[in-house]
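Q: Each step along the sequence shown adds one to the number in my numbering, with nothing skipped, and position 209 is 228.
Would you mind keeping the following structure in view while I ask a few things?
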Amino acid sequence: MNATRTPRPAEATTGSTISPTHRVALVTGANRGLGFEVTRQLAERGYTVLLGARDPAKGKQAAKQLTGHAGDVIPVALDVDRPEQVDAVAALIERKYGRLDVLVNNAGGHLDATARAESVDVAAVQAALDTHLLGAWRLCHALLPLMRRHGYGRIVNVTSGCATGAPDAIGYPAYRVSKAALNAFTRTLATELAGSGILVNAVCPGWVATDLGGSGGRPVEQGAAGIVWAACLPEPGVNGRLFRDGQRIDW
20 MNATRTPRPA
30 EATTGSTISP
40 THRVALVTGA
50 NRGLGFEVTR
60 QLAERGYTVL
70 LGARDPAKGK
80 QAAKQLTGHA
90 GDVIPVALDV
100 DRPEQVDAVA
110 ALIERKYGRL
120 DVLVNNAGGH
130 LDATARAESV
140 DVAAVQAALD
150 THLLGAWRLC
160 HALLPLMRRH
170 GYGRIVNVTS
180 GCATGAPDAI
190 GYPAYRVSKA
200 ALNAFTRTLA
210 TELAGSGILV
220 NAVCPGWVAT
230 DLGGSGGRPV
240 EQGAAGIVWA
250 ACLPEPGVNG
260 RLFRDGQRID
270 W
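What follows is the structure, encoded as structure tokens:
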């Protein structure tokens, strides 16, 4: 894949980067792994972060581990497949903060590792699309009005190299297709929001060592750093692009 250089994640804390003072972020799938680390890094920067988790008990436990940072971490019950929970979180943010500056659509999972497209259970395809594509879409529908109100927002859709590279690879057909659809949604929404102050980008974190990815990947801190970089882009910033480690890559 051809790559165009852009600032590295570590550079996002310097120069014209917008101050996180009073910034509010929501990270989905955040009680463990990549989402947990993204939450930690944003809280370190001073963001108030809502930690979304399907299991409220696990969300509370995760949030307790993140006390003592510059920003607060607040657990919220959020299953992105359930519209009523998406609406409830949007109402909570509206009532308590009156704004949302960052949305990280991270919730997801591998549902069909050994399947083939010709025989995969369509229910697995539907589940992957519900979480990876429609979950992100629901959240954008519910939360974009809060971003538009202040003319500022950063939406980061966490995608995968499965959706872009290795066209001859086999396995994970539902996962691949759902992430490719998320990429298409990213580009479409970014085009619609151009000039609004709201930037929409996709980030591929690479294979990271998490419960989901297994132990052979790179440190989760590295994968999360690229997501946080996109969440903290200065103005004017890039829009409708795919990145890994702050470097633009081809769709």
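Don't be surprised by glycine CBs; every beta carbon is placed ideally from N, CA and C.
Can you grab the Cα-Cα spacing for the pair K79 / G87, in whole Å?
A: Going from the Cα of K79 to the Cα of G87 covers about 15 Å.
Q: What three-state label does DSSP hand A221 in the structure shown?
A: Strand.
Q: In its own chain, which residues sit with a C-beta less than 8 Å from the C-beta of T150, not counting the 5 before and 5 after it?
A: Excluding residues within five positions, the ones whose Cβ falls inside 8 Å are V99, D100, A126, G127, G128 and S197.
Q: How many Å lie between A199 and V177 at the Cα?
A: Whole-angstrom Cα-Cα distance: 11 Å.
Q: Within this structure, are the beta carbons of D17 and T133 separated by less than 8 Å?
A: Because the chain in this structure spans residues 20 to 270, residue 17 falls outside the shown range and cannot be described.
Q: Hey, quick one: how far does the alpha helix (DSSP H) through N202 stretch, first residue to last?
A: Segment P192 to E211, the alpha helix (DSSP H) holding N202.
Q: Helix or strand or just coil, what does DSSP make of T178?
A: In this structure, T178 counts as coil in the three-state DSSP scheme.
Q: So, using beta-carbon positions, are A44 and V123 closer together than 8 Å?
A: Yes, the Cβ-Cβ distance between A44 and V123 is below 8 Å.
Q: Output yes or no for whether 8 Å exceeds the beta carbon distance between V57 and A243.
A: Result yes, Cβ atoms of V57 and A243 sit closer than 8 Å.
Q: Spatial neighbours of S38 within its chain, please: CB distance less than 7 Å, with the 5 preceding and 5 following residues excluded, ordered by chain position.
A: For S38, the predicted structure reports a pLDDT of 45, less than 50, and the residue's modelled location is therefore unreliable. A value from the coordinates is still provided. Excluding sequence neighbours, S38 sits near nothing in its chain.
Q: Please list the segments of the alpha helix (DSSP H) lying wholly inside the stretch 54-128, counting only runs of 4 or more residues, in order along the chain.
A: The qualifying runs are 75-83 and 102-115.
Q: In terms of residue numbering, what span does the beta strand (DSSP E) encompassing R267 cover?
A: Note, R267: beta strand (DSSP E), Q266 to I268.
Q: Tell me the rounded alpha-carbon separation between T205 and I93.
A: Near 27 Å, if we compare the C-alpha coordinates of I93 and T205.
Q: Please report how far the alpha carbon of A203 lies from the alpha carbon of L53, in whole angstroms.
A: Whole-angstrom Cα-Cα distance: 22 Å.
Q: Which residue or residues does DSSP assign as beta-bridge partners of L261?
A: Per DSSP, A221 and I268.
Q: Which of helix, strand or coil does DSSP assign to A44?
A: Three-state DSSP puts A44 in a strand.
Q: Kindly give me the distance between the Cβ atoms of M166 and I217, rounded to whole angstroms, as I take these residues to be in contact under 8 Å.
A: With a Cβ gap of about 5 Å, M166 and I217 count as contacting.
Q: Buried or exposed: where does S179 fall if 16 or more other Cβ atoms within 10 Å of its Cβ makes it buried?
A: S179 is buried by the Cβ-count criterion.
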